[in-house]
Amino acid sequence: MNLSWGRFPFPLVFALLFVSKSWPETLAKSGTFGGLEVDYKVVLPSGFDPSRVYPVLLVFPGATQSMRGVTGELDRWTREAARRGYILVSPAAPTEQTFFESSDRIFPDFLDMILRDYKVLGGRIHVAGGSNGGVSAFHVASLYPKYFWSVSVYPGYLDDTTDPIVEALRPLCIYMHVGERDGDWLRAMKQQSDLFRRKGYSLVLMVEENQGHYVDFGPENTAHFFDDLDAAAKGCSK
97 MNLSWGRFPF PLVFALLFVS KSWPETLAKS GTFGGLEVDY KVVLPSGFDP
147 SRVYPVLLVF PGATQSMRGV TGELDRWTRE AARRGYILVS PAAPTEQTFF
197 ESSDRIFPDF LDMILRDYKV LGGRIHVAGG SNGGVSAFHV ASLYPKYFWS
247 VSVYPGYLDD TTDPIVEALR PLCIYMHVGE RDGDWLRAMK QQSDLFRRKG
297 YSLVLMVEEN QGHYVDFGPE NTAHFFDDLD AAAKGCSK
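Going letter by letter, the sequence shown gives residues 97 to 334 in my numbering.
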């Protein structure tokens, strides 16, 4: 006798259930940090075990840093993050200002929440973002460097280049991606990468061929992106 569930054969139903359990889980969450109500999403790897240690990537969306931007950024990274067992976290800006403006009030409370809710590899997080998200990634990393392994931008730069802020980035691994057709951002990032190199920082500047402001990594470069994160957690070389 052929067992079935509704119109579906039992083996197919079992397979669908197995696939659904093996896919990364996306959680829509909210909380109050620094006195501001924040909506954010977390993507957990398949088979997530709260007792295990995981690497974590904090991702800032670009543009207005809305929840729509959060979803887009997570879609960019989820497949490779799942393959490598990363947790992804991405907040939407709680005010009309970005995370390199007044919305930065949610830190360091938001970072403490990540370390409290999950067993984070080495007690440090990777931070990344593109455009306004890249500026935000540099901004938050420079304010709270002890929380981070690395900062990756695609594109992005440090908006405050006063000596104490620049010096705060010294322990971090810095990965800067910019499209070769992204004129103003390319010039600014080349100048800033020269500054970091003169100071002896661990920095890689990658000018992406035939790319404009929105850097599309593709499968191969997405894998290289996570290779860099893995290397940073082991101690990147200058």
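Ideal Cβ placement from N, Cα and C applies to all residues, glycine included.
- Of the candidates Val155, Tyr214, Lys137, Leu299, Val155 places its Cα closest to the Cα of valine 231.
- For serine 298, the beta-bridge partners assigned by DSSP are Cys269.
- Every beta strand (DSSP E) of 3 residues or more that sits fully in the segment 193-264 is shown, in chain order, as 221-225, 244-249.
- For valine 262, there are no CB contacts under 6 Å within the same chain when 5 residues up- and downstream are skipped.
- Closest in C-alpha terms to glycine 127, from the list Phe206, Tyr253, Arg179, comes Phe206.
- Beta bridge pairing from DSSP links leucine 154 with Val185, Val223.
- Between the beta-carbon of threonine 194 and that of asparagine 228 there is about 5 Å, and that keeps the pair under the 8 Å contact cut.
- The beta-carbon distance between tyrosine 240 and arginine 266, rounded to whole angstroms, is 14 Å. This is too long to meet the 8 Å contact definition.
- Spanning the alpha carbons of phenylalanine 321 and leucine 184 requires a straight line of approximately 14 Å.
- Boundaries around valine 166 are those of the alpha helix (DSSP H), 163-180, since no beta strand (DSSP E) includes it.
- In the three-state reduction of the DSSP assignment, lysine 286 falls in the helix class.
- Of the candidates Pro260, Phe244, Trp281, Glu276, Trp281 places its Cα closest to the Cα of tyrosine 253.
- With distances taken between CA atoms, aspartate 213 lies nearest to Phe144 out of Phe144, Asp200, Glu133.
- For phenylalanine 129, the enclosing beta strand (DSSP E) covers residues 121-129.
- In the three-state DSSP reduction, glutamate 276 falls in the coil class, being neither helix nor strand.
- Per the coordinates, the alpha-carbon of leucine 217 lies some 11 Å from the alpha-carbon of isoleucine 210.
- Within a 10 Å sphere around the beta-carbon of serine 186 sit 16 or more other beta-carbons, which makes this residue buried.
- The DSSP-derived three-state label of glutamate 133 is strand.
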